[in-house]
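Visitor: Sharing a structure here in structure tokens format.
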């Protein structure tokens, strides 16, 4: 058991409630200390892997002119940029933050830059998921409108503005409400809730439509001899459906990795904010969220053959 000096967190823009709890009681249980050291090691190992694989995804999309022309690939590259920042900034900061607190070198506000980076990256990832889900929804449900109106420039502009404005506004509101108890969680909850509703609606709608239409295309191909132009159109539609299923897998993986965080939040709410029975759950929950940035590019590489081939070519120095 490690003894901690009692430290005031009142002047911090954002404080780590778990660390604040242990600082207030004056000691860090051995089980928590060992767990946080392990989590620090996990984040340290995941960081370079996250950086490398996301750099490969970005390089694959940016270097290939044909891939850059596809809206969905631009969004994959944007997601990879956010995941790259997690590996480059968030995971090293969080690892240092945990080790520093365990060793007793943490100051009262060390959590502030870590939390700002975490919220910004998590918010940007959620926004890119939302934009990608809407993009897939328009591509599948309103194909003609999508082909005529949705351009790469519009996708890039929408994504950049959304990733700059929404996390900044949410974070600013949270900081302004930092002295208002539970109310400070409202901006994040409202922003995340709206994004999640849009993602779930678009994803479910797209998955159902794509599944039905893929079966219809397969049945038609087995019974009718199509013209060359019709075959090309069917291949294009099948490619769009495959991208939609990939997006669905990314959303499902994200939900699973956020489950520990959601469960922890529910348990805290039921306990009235008492953290004594939740010794190290917050550290696990945050680490699972960080690992999403490593899992995302792996899923993309496994699901999309052209990304997989591009990554393989980069690794083998074929280009």
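Numbering (this note's numbering), first residue to last: 22 to 340.
Just so it is clear, CB atoms sit at the ideal spot from N, CA and C, and this is done for glycine as well.
Helix, strand or coil: how does DSSP classify residue 163 here?
Guide: It is coil, neither helix nor strand.
Visitor: Beta carbon of residue 57, beta carbon of residue 110: below 9 Å?
Guide: Not closer than 9 Å, so no.
Visitor: Would residue 254 pass as a contact of residue 231 if the rule is Cβ separation under 9 Å?
Guide: It is not a contact, given that the beta carbons lie outside the stated cut-off.
Visitor: Rounded to the nearest angstrom, what separates residue 95 and residue 85 at their Cα positions?
Guide: Computed Cα separation, rounded: 11 Å.
Visitor: Report the rounded CA-to-CA distance for residue 140 versus residue 192, giving the unit in angstroms.
Guide: Using only the alpha carbons, I get a separation of about 7 Å.
Visitor: Would you mind working out which of 119, 228, 320 and 291 sits nearest residue 59, comparing C-alpha positions?
Guide: Minimum Cα distance to residue 59 is reached at 119.
Visitor: Could you tell me how far apart the beta carbons of residue 180 and residue 220 are, in whole angstroms, since I believe they sit closer than 8 Å?
Guide: Not really, about 14 Å apart at Cβ, beyond 8 Å.
Visitor: In the DSSP assignment, the alpha helix (DSSP H) including residue 84 goes from what residue to what residue?
Guide: Where residue 84 is concerned, the enclosing alpha helix (DSSP H) stretches over 51-84.
Visitor: Alpha carbon to alpha carbon, how far is residue 239 from residue 138?
Guide: The straight-line gap from Cα to Cα measures roughly 46 Å.
Visitor: If you follow the alpha helix (DSSP H) that residue 121 is part of, which residue opens it and which one closes it?
Guide: Residue 121 -> alpha helix (DSSP H) spans 112-124.
Visitor: Near residue 167, which residues of its chain fall below 6 Å by C-beta distance, leaving aside the five closest residues on each side in sequence?
Guide: Within the same chain, residue 167 has close Cβ partners 159 and 160.
Visitor: Taking the straight line between their C-alpha atoms, what separation do you get for residue 265 and residue 125?
Guide: So the two alpha carbons sit approximately 48 Å from each other.
Visitor: Helix, strand or coil for residue 325, going by three-state DSSP, please let me know.
Guide: Residue 325 falls in the coil class under three-state DSSP.
Visitor: How many Å lie between residue 79 and residue 197 at the Cα?
Guide: If I take the Cα positions, the gap works out to 36 Å.
Visitor: Could you check how far apart the C-beta atoms of residue 315 and residue 70 are, in whole angstroms? I think they sit under 8 Å.
Guide: With a Cβ gap of about 6 Å, residue 315 and residue 70 count as contacting.
Visitor: Please find out if some non-hydrogen atom of the ligand COA comes closer than 8 Å to the beta-carbon of residue 137.
Guide: Because no ligand of any kind appears in the structure shown, any question about the ligand COA cannot be addressed here.
Visitor: Among 93, 117, 235 and 99, which residue has its Cα nearest to the Cα of residue 64?
Guide: Closest option to residue 64, Cα to Cα, is 117.
Visitor: Output yes or no for whether 9 Å exceeds the beta carbon distance between residue 112 and residue 68.
Guide: Yes; because the gap between Cβ atoms is below 9 Å, this pair is in contact.
Visitor: Under 6 Å Cβ to Cβ from residue 88, same chain only, skipping five residues before and after it: list those, please.
Guide: Excluding sequence neighbours, residue 88 sits near 82 and 94.
Visitor: If you follow the alpha helix (DSSP H) that residue 90 is in, where does it begin and where does it stop?
Guide: Unbroken run through residue 90: none, as it is neither H nor E.
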